[in-house]
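Before any comments, here is the structure.
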Amino acid sequence: MLKIVPDPPLLPTESPYCLEDALVYASEHLSCALAVLLHPDLQGQALARAAVHEMETARSRVEQALACVQMHN
1 MLKIVPDPPL
11 LPTESPYCLE
21 DALVYASEHL
31 SCALAVLLHP
41 DLQGQALARA
51 AVHEMETARS
61 RVEQALACVQ
71 MHN
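Mapping of the sequence shown onto full-length UniProt numbering: position 7 corresponds to residue 7, and the numbering continues sequentially without gaps.
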């Protein structure tokens, strides 16, 4: 299956904006997951998987933010 949307860029941990960027990305992914779950339709299982994917991506962004914080301490 062809991938229509490219993967988001990885956040460099050396950047001074790393924490802010990671939290913004996480917020966007969580907003997307919430929007998917608030609009149920007949393809509920596919939408639930999409929401889980968005939440997993947000979790990885939060982990990147934590790595940024730990590098600056």
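A virtual CB, placed ideally from N, CA and C, is assigned to each residue, including glycine.
What residue from the options has the CA that sits closest to residue i's CA?
i            : options                    : result
aspartate 21 : Leu34, Arg61, His72        : Arg61
alanine 48   : Arg59, Glu56, Cys18, Val36 : Val36
valine 52    : Ala33, Val24, His72, Gln70 : Ala33
In chain order, what residues of the same chain have a beta carbon less than 6 Å from the beta carbon of residue i, not counting five sequence neighbours either side?
i          : result
alanine 50 : Val36
Can you list, in chain order, the residues of its chain whose CB lies under 8 Å from that of residue i, leaving out five sequence neighbours each side?
i          : result
leucine 40 : Checking the sequence, you will find proline at residue 40 rather than leucine. Result list for proline 40: Leu47, in chain order.
Could you spell out where the alpha helix (DSSP H) holding residue i opens and where it closes?
i            : result
aspartate 41 : Unbroken run through aspartate 41: none, as it is neither H nor E.
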